[in-house]
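Peer 1: Numbering (this note's numbering), first residue to last: 4 to 331.
Glycine included, each C-beta is placed from N, C-alpha and C at the ideal position.
Source: prediction; values computed, not measured.
Shown next, in the form of structure tokens:
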């Protein structure tokens, strides 16, 4: 099967591309390399360094390949940045997705797996989040992803395309052998920042110490990147077998505070590091924890790396092997 992966040079996309290649699929990657890395793209995939907002280039790609499905990871994804540059997020995320959907419609692509986010839920307080929790985004990033979900829904209603929207919680970890991993520039995710603080004696700041949580720091649900991309394979397979369109949460169901992340990283590396506390970041809810029973029951998703320690161990393995990240 020929599959287009938009954003396939990014952290999550590159793991998914390798997994697809490993199972023998014909994989086409479109990535403008705004935040991705060419080095991370599996050499077995066909790579196009294009922005999916470029309709002419996108149509040429679709004409060159007999695509049966699209998996869409491409997006800006930083909450704090979205608060400062909201229009950039709507342009890059929503407008580019509109172009992608128009081209998919014209080429009659039957299936789409979409990378969404728990940020669509906003701040639910102490409530664990199910797919029935009403979405109330509290930042432009979450708002842009919700708009993308709604566009996909209404296109599917009009055309008969089927889709699955995967609402991620906090993705972390790396390919088990340490050959793929997380390398954002600048890095804003707590686990790689904490790992580098420990391994490189770098300063580390926790933003917010007065949240209504047990230790005053934000609580998040962490899912291993390998389990996340495995869920996308299940979604793609289900669509090909005739499954109806759906939305799924992807998380572990366990919440860990930022303070707990620091302690877990120190335990894995054996190297303590000093922590300072800064003000809250705008747009950060106090607690986001998933209920992911729906995808477990309907698609048979069974995470293999559920413990926080397993996630951090794989991240440490990647960062020790690639202390400066990718070379490009």
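Using only alpha-carbon positions, find the residue among 240, 25, 40 that is nearest to residue 12.
Peer 2: Along the chain shown, read from residue 1 onward, the residue named residue 12 stands at position 9. Out of 240, 25, 40, 40 has the C-alpha closest to the C-alpha of residue 12.
Peer 1: Is the separation between the beta-carbon of residue 307 and that of residue 229 shorter than 8 angstroms?
Peer 2: Within the chain shown, the letter at position 304 stands for residue 307. Within the chain shown, the letter at position 226 stands for residue 229. Closer than 8 angstroms, so yes.
Peer 1: Going along the chain, which residues of its own chain have a beta-carbon closer than 7 angstroms to the beta-carbon of residue 267, five neighbours each way excluded?
Peer 2: Counted from its first residue, the chain shown places residue 267 at position 264. Cβ neighbours of residue 267 beyond the five flanking positions: 311, 312, 315.
Peer 1: How big is the Cα-Cα spacing for residue 76 and residue 214?
Peer 2: By 1-based counting over the chain shown, the position of residue 76 is 73. By 1-based counting over the chain shown, the position of residue 214 is 211. Near 31 angstroms, if we compare the C-alpha coordinates of residue 214 and residue 76.
Peer 1: Would the beta-carbon of residue 355 fall within 8 angstroms of that of residue 120?
Peer 2: Here the chain comprises residues numbered 4 to 331, so residue 355 is not present and cannot be evaluated.
Peer 1: Pick helix, strand or coil for residue 173, following the three-state DSSP scheme.
Peer 2: On the chain shown, residue 173 is found 170 positions in, with the first residue counted as 1. Note: residue 173 maps to strand in three-state DSSP.
Peer 1: With contact counted as at least three CB pairs below 8 angstroms, one residue from each stretch, are the region 245-256 and the region 176-188 in contact?
Peer 2: No, the region 245-256 is not in contact with the region 176-188.
Peer 1: Please determine if the region 283-302 and the region 150-164 are in contact, where contact requires at least 3 C-beta pairs separated by less than 8 angstroms.
Peer 2: Result no; under three Cβ-Cβ pairs closer than 8 angstroms.
Peer 1: Keeping to the same chain, check which residues put their C-beta closer than 6 angstroms to that of residue 34; ignore five residues upstream and five downstream.
Peer 2: As a working mapping, residue 34 is identified with position 31 in the chain shown. Once the five neighbours on either side are set aside, the close Cβ partners of residue 34 are 10, 11, 12.
Peer 1: On the three-state DSSP scale, how would you describe residue 167?
Peer 2: Position 164 of the chain shown, counting from 1, holds the residue named residue 167. Residue state, collapsed to three classes: strand.
Peer 1: From residue 145 to residue 324, what does the alpha carbon distance come to, in whole angstroms?
Peer 2: Against the chain shown, residue 145 aligns to sequence position 142. Against the chain shown, residue 324 aligns to sequence position 321. Approximately 33 angstroms, taken between the alpha carbons.
Peer 1: From the DSSP output, in three-state form, read off residue 223 for me.
Peer 2: Indexing the chain shown from 1 puts residue 223 at position 220. DSSP places residue 223 in strand when its eight states are reduced to three.
Peer 1: Can you find at least 3 beta carbon pairs, one from the region 290-300 and one from the region 149-158, that sit closer than 8 angstroms?
Peer 2: With a cut-off of 8 angstroms, the region 149-158 and the region 290-300 do not count as touching, because too few Cβ pairs lie within range.
Peer 1: Quick check on residue 90: buried or exposed, where buried means 16 or more other Cβ atoms within 10 Å of its Cβ?
Peer 2: Taking the chain shown and counting its residues from 1, the one referred to as residue 90 is at position 87. That one is exposed.
Peer 1: Which residue wins for smallest C-alpha separation from residue 186, given the options 4, 117, 38, 23?
Peer 2: To locate residue 186, count along the chain shown from 1; it is residue 183. Residue 186 has its Cα closest to that of 38, out of 4, 117, 38, 23.
Peer 1: In the DSSP assignment, the alpha helix (DSSP H) including residue 199 goes from what residue to what residue?
Peer 2: Position 196 of the chain shown, counted from the first residue, corresponds to residue 199. Start and end: 193-203.
Peer 1: Taking just the CA atoms, how far does residue 125 sit from residue 298?
Peer 2: Sequence index remark: in the chain shown, residue 298 carries index 295 (1-based). Sequence index remark: in the chain shown, residue 125 carries index 122 (1-based). Each residue's Cα considered, the two are about 21 angstroms apart.
Peer 1: Just the C-alpha distance for residue 233 and residue 70, rounded to the nearest angstrom, thanks.
Peer 2: For the purposes of this step, residue 233 is taken as the residue at position 230 of the chain shown. For the purposes of this step, residue 70 is taken as the residue at position 67 of the chain shown. Whole-angstrom Cα-Cα distance: 21 angstroms.
Peer 1: Is it right to say residue 200 is buried, meaning 16 or more other beta carbons lie within 10 angstroms of its own, or is it exposed?
Peer 2: As a first step, residue 200 must be located in the chain shown, where it is residue number 197. Residue 200 is buried by the Cβ-count criterion.
Peer 1: Quick one: residues in its chain with C-beta nearer than 6 angstroms to the C-beta of residue 109, no 5 flanking neighbours on either side, listed in chain order?
Peer 2: Taking the first residue of the chain shown as 1, we reach residue 109 at position 106. Hits under 6 angstroms: none found.
Peer 1: Assign residue 156 to one of three DSSP states: helix, strand, or coil.
Peer 2: Taking the first residue of the chain shown as position 1, residue 156 is located at position 153. Three-state result, residue 156: helix.
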